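Sequence order for the protein chains is A and B.
Residue numbering for the first sequence follows my numbering, beginning at 1 and increasing consecutively.
Residue numbering for the second sequence follows my numbering, beginning at 1001 and increasing consecutively.
Where is the CB? At the ideal position from N, CA and C, for every residue including glycine.
Given the structure is predicted, the values throughout are model-derived calculations rather than measurements.
Here the structure is laid out as C-alpha cells; the discussion comes afterwards.
2 protein chains.
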Amino acid sequence: MDQQKKRVVIIGGGFGGLNLAKYLDKKKYDVMIVDKNNYHSFAPLFYQVASSGLEPSGITFPLRREMRRGRMRGCRYSMGTVSVIDVSRKEVLTEFEKIPYDILVIAAGATNNFFGIEGLKDHVYTMKSASESIRTRNAVLYNLERAAQCDDPEERKALLTFAVVGGGPTGVEIAGALGEMKRWVIAKEYPGIRPEEVKVILYEGTDRLLRTMSGKSSADALRDLGQLMVDVRLGKTMSAYKDGELIFADGEKVKSRVVIWTAGIVGNPLTIIGSDVKAGPGGRYAVDEYNRVEGLEDVYAIGDISSHADERFPRGCPQLAQPAIQQGRCLARNLNKGMLAEAFNYRDKGSMATIGRNRAVVDMGKMHISGWTAWVAWLGVHLVTLLGMRNKIVVLINWIWSYFGLATSLRMILKPNKEPHTPVTPAPVPPVPALPGDADYRGERGKD
Amino acid sequence: MDQQKKRVVIIGGGFGGLNLAKYLDKKKYDVMIVDKNNYHSFAPLFYQVASSGLEPSGITFPLRREMRRGRMRGCRYSMGTVSVIDVSRKEVLTEFEKIPYDILVIAAGATNNFFGIEGLKDHVYTMKSASESIRTRNAVLYNLERAAQCDDPEERKALLTFAVVGGGPTGVEIAGALGEMKRWVIAKEYPGIRPEEVKVILYEGTDRLLRTMSGKSSADALRDLGQLMVDVRLGKTMSAYKDGELIFADGEKVKSRVVIWTAGIVGNPLTIIGSDVKAGPGGRYAVDEYNRVEGLEDVYAIGDISSHADERFPRGCPQLAQPAIQQGRCLARNLNKGMLAEAFNYRDKGSMATIGRNRAVVDMGKMHISGWTAWVAWLGVHLVTLLGMRNKIVVLINWIWSYFGLATSLRMILKPNKEPHTPVTPAPVPPVPALPGDADYRGERGKD
C-alpha cells in the first residue's frame, strides 16, 4: 500500500459500493471492497433465478475479475462479513481479519425483514441473494415432485399452493413467473398434476400492487396477473406462519408449503464500537446530504442501508439500484475533489416491473407504458445494466429460449452440498459483541 | 397406467438409464425413471464445473423436460433415492414411496470409493456429481481468498497446495485445469499471491498416467502437465489424510487444504430383500451377456454398476459413458423384441482426455493424436453428445470466452443455502434395513 494514499474501505460490493469503487481516483485512494461474497450480484433478476429462468452465474460477476481492468483496476478485494466497526481505532472486523481505514463507506445493503412475525424467519423462502433464490427454486420444484407422488388431497393442495407475500416489484415479478409456470409448464411436464390444482396467490397488505408506482401501473399489473391465473389478495396482513399454515390478521388460514416472502427489508446488521450511533428505522443509517453518517467522522453510508430524510423523501430515498448507483458516484466525485462540494440529489429515471411474457409496466415521470413495449424496454434496460458481456449473452440466450420455447430449461433441483471445510487453524478474530437480531429493527417496510 | 403394458422401472437417469428409456418401445412398456436428481448430468464435464469453467446448468438437463418430446415422450419420472429392492414383492423403495415393477433395470451408477482410507471421506473434495463439483470449486476459490489474507508462510503454503489424487482421465483433466488457473489467473486477479506459490500436484499410484489409454497418451499427458507447471508424482500411494496433511505409503507428508480425490469409484449402494444376491467387487452387480443380474429374475443392471467378465474384459467393461450408453440401447432392443436375442458386445469408439487449452490426447484403435487436433476433437465430441441445444450453445460460449479471455469468469463462491424444508407430514416410508457403507466395498479401483 502506498503510504501517501488514503485508505478507503467499502463494506459491500453491490450497486453502491461497486460504483463508488469504480469512480474513485485510484491515484489518490487505496480502495478495498470487503464483501462476504467474492462476486457482485445483479439483484433485480434474483426472482428469475427463483423461477428457473436464469442461473446465478448469469447475474453474478466475480469482483476480482472486474478489478482486472478499466475503472476498477487497482481496487483490492477481501472476503469477509463485516460485523463490527471500531470507530475509535478506525478499523473494521470480519470473521477473518481486522482492516484499518482512513475513510469508511458502509454499502452493506439490506436483507429480509420478517418484522418478528412468528414462524417467518425459519420457514419462508426469500430472494435477497443468489443462494436464497436457488433455495426458493429448489423448494418450488421439490414440492411439484412431491405433489406428483402424493394421493392425499389435503397434502396435494398444500404442496401446490404457492403463496407470495408482498405486492412490490419483486412480489409481482415472482408471482407472474410462477403464474407462467402454472400456465405453460405444468401441463406439459407434470402429467400427474392438473394445472388448475396449482394455486399462485399474491398477498399485499395495502389496497394496491406496486404502490411506489403510478395508479395505472398498479391496475395493469393486477389485470396482467389475473390473466396469468394468479390470485391477487389485497388488504391482507399476515400474522403468522405456523405448521405449514399462513394465518392472516382477519383470521383466514391458508395451507401452503412454499411461502415466498418479499414484504420487507432491513439494513444488514452491524455493531459500532466507540460511538453511540446506531441504525435507525429499517436498519438504515441516517446520513446528511453528502452521505456522511450522522455522528461519525470519516464514515459514509450509501444505498439501501442509508437514509437521508428531506422534503421529497421524508423516509429517505427508495431502496432501489438507482439511488445506490447515483450515491456511489456522487460520493466518488466528492472524495476525488477532496471536499464535499456536491449534495446528493436523486434523479428518478423511472421505475418498472415485469409480470411475464410480453407484460410489464413502466413509469417515467408522468409517462406510463405497459404491455409488449414496456416488456421490451424492461428487457433492454436490464440487459444493458448487467455486468459483463458473457453474462449479457448468456442471459439473452436464456430469455430467447424461454420466449420461443414457452418454458425454461433450468428446472434442476441443485441440492446444496457441504460448505468448504473451515481452516484447520482458526482465523484470528477478536471477540465480537452480540449483534442485534432483526427483531430489533421493526422499522418501516422497505421497497416491497 | 395401461394395464396391458409391462412396467419397466429404471433406477437412475444417467447415460445408461436415459438411453434405455429413450429406445424402449413405449407402446409395449410403461417406462419410469427413478432418480434422486430431477436432471440428467453430463458427468465427463464435472471437472470443468470444479475448475470454474462451466456452470452446472450447462451440463445438466431436467428429465421432465426431456420427456416432453421425441423418443423420451411417454416416459415418467419419480424423484427419490432407491435404497431397497424387494425382489419378492417386485417393488423398489425410495424415501418417498414404493414403486412396483415388472422389469427392473439397475442403472444407479457409481460414487466415490475411498477404500476406507483414514480421513478421506470427510475431508477430501470430489467430483462425482454437480453438487460435489460446486463444492470443490468453492473450496479452491475459498482457499485462494484465505491465502490472500494470510501472512503465516506455513499456513499460506498449505492453503496454496492443491493435491489431486488419481491419474486417470478425471485426475489429469482437473490437474490441467488447475495448472491453467495457476498460469493464467493468479497473477492477474490475486495481487497478493505469487503464481509460483501455488502448487498443483497430481499423485498417481501406478507408474503412468491414463493407464487405460496408450503409452503415447500417457507420455503426452505427462509432458503437457509439466508445461502447465503441474507437479506429477507417479508411484505414490496414499495412506491417510490427517490434520490437513496427506500421508503417503512411503512416509512422505504433504500439507494441503484442498485434496481432490479421483482415485476410485464404487457402485451406489443398494440393499436387496428376498434374495442373497449382493454387489461384487467395486460394488458392481455381476450380469450375463444380456445384462441380466445373475441370480435374479426380471432384474437387469447396466452401466458403471454392472460388470460382465469375459475374455476381453476380465474385470468387466470400463466404467465410462460409452459402455453404459451401448448397454442401455442393446437392452432396449432386446426388451422391444420380447426376447434376449442380442448379446452385448462393447464397441470401443476410443478414449480421450483433455489437459488444457490446445492440449488433449485421443486414442482410437491403434491411432493416437495429441495437441491442438486432439483438443478440437475432444471439444467437438463433448459438445455433440451434450443434451439440449441451449446447453450446447451456453457451453460453447463459455469455452469461446475462456479461450480468448484466457480466464473463466465463473469464479463465484456460491455458498449453499439451507435445503428445502422437509414436508410437515413425514413421507410414508417403511423401515429400511441398514445400508452397507462404502468401507464394505473394498473392490478394485474404478476407471480413475
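Residue state for residue 190 of chain A is assigned as coil, using DSSP reduced to three classes. The DSSP assignment places 46-50 and 63-66 as complete runs of the alpha helix (DSSP H) inside the stretch 30-66 of chain A, in order along the chain (cut-off: 4 residues). Going by DSSP, residue 202 of chain A is part of the beta strand (DSSP E) stretching over 199-203.
Partner residues in the beta bridge of residue 1104 of chain B, as assigned by DSSP, are B:1009 and B:1299.
Annotation: the continuous beta strand (DSSP E) that includes residue 1241 of chain B extends over 1238-1242. When the Cα atoms are used, residue 1051 of chain B and residue 1187 of chain B turn out to be separated by approximately 17 Å. For residue 12 of chain A, the nearest beta carbon of chain B is not closer than 9 Å to its own beta carbon. Setting aside the 5 residues that flank it on each side, residue 336 of chain A is surrounded in the same chain by 25, each with a C-beta closer than 6 Å to its C-beta; the list follows chain order. Selection A:294, A:11 and A:173 evaluated against residue 230 of chain A yields A:173 as nearest (Cα-Cα). Linking residue 125 of chain A to residue 132 of chain A through their CA atoms gives a straight-line distance of about 7 Å.
By the Cβ criterion, the stretch 280-299 of chain A is not in contact with the stretch 246-258 of chain A, since fewer than three pairs of Cβ atoms, one from each stretch, lie closer than 8 Å. Considering only A:369, A:316 and A:216, the residue with the shortest C-alpha distance to residue 346 of chain A is A:316.
Taking 8 Å as the upper bound for CB-CB distance, residue 376 of chain A and residue 386 of chain A are not in contact here, some 16 Å apart. Cβ neighbours of residue 21 of chain A within its own chain (closer than 7 Å, five residues either side excluded): 10, 31, 33, 72 and 75. In terms of beta-carbon proximity, residue 1378 of chain B stays away from the interface with chain A, with every pair separated by 9 Å or more. With fewer than 16 neighbouring CB atoms inside 10 Å of its own CB, residue 372 of chain A falls in the exposed class. C-alpha of residue 269 of chain A to C-alpha of residue 304 of chain A: approximately 12 Å in a straight line. Those residues of the stretch 126-150 of chain A placed with their C-beta closer than 7 Å to a C-beta in chain B are 130, 131, 132, 134, 135, 138, 139, 141, 142, 145, 146 and 149, ordered along the chain. Minimum Cα-Cα distance from residue 1040 of chain B among the listed residues B:1019, B:1054 and B:1023 corresponds to B:1019.
The C-alpha of residue 1209 of chain B is placed about 8 Å away from the C-alpha of residue 1219 of chain B. For residue 112 of chain A, DSSP records a beta bridge to A:265. At a beta-carbon threshold of 7 Å, the residues of chain B lying near residue 78 of chain A are 1149, ordered along the chain.
Here the C-alpha atom of residue 175 of chain A lies approximately 16 Å from the C-alpha atom of residue 197 of chain A. Residue 1056 of chain B belongs to the set of residues whose beta carbon lies under 9 Å from a beta carbon in chain A. When Cβ-Cβ separations below 9 Å define contact, residue 1153 of chain B makes no contact with chain A. A check of alpha carbon separations from residue 1226 of chain B across B:1192, B:1241 and B:1182 identifies B:1182 as the nearest.
Considering only beta carbons, the part of the stretch 1385-1401 of chain B lying closer than 7 Å to chain A consists of 1388, 1390, 1393, 1394, 1397 and 1401, in chain order.
C-alpha of residue 213 of chain A to C-alpha of residue 388 of chain A: approximately 30 Å in a straight line. Residue 1275 of chain B and residue 1384 of chain B have their alpha carbons spaced roughly 42 Å apart. Within 8 Å of the CB of residue 246 of chain A, no CB atom of chain B is found; the nearest one sits about 13 Å away. Along the stretch 1342-1404 of chain B, the beta strand (DSSP E) occurs as fully enclosed runs of 3 or more residues at 1351-1356, 1359-1364 and 1367-1370, listed in sequence order. Following the DSSP letters along the chain, one finds residue 1076 of chain B inside the beta strand (DSSP E) bounded by residues 1076-1079. Legend: CB atoms of the stretch 175-190 of chain A lying less than 8 Å from CB atoms of chain B belong to residues 188, 189 and 190. Neighbours of residue 1039 of chain B in chain A, taken as residues at a C-beta separation under 7 Å, are given in chain order as 412.
Distance between residue 365 of chain A and residue 322 of chain A, taken at the CA atoms: about 15 Å. Here residue 1122 of chain B is exposed, its C-beta having fewer than 16 other C-beta atoms within 10 Å.
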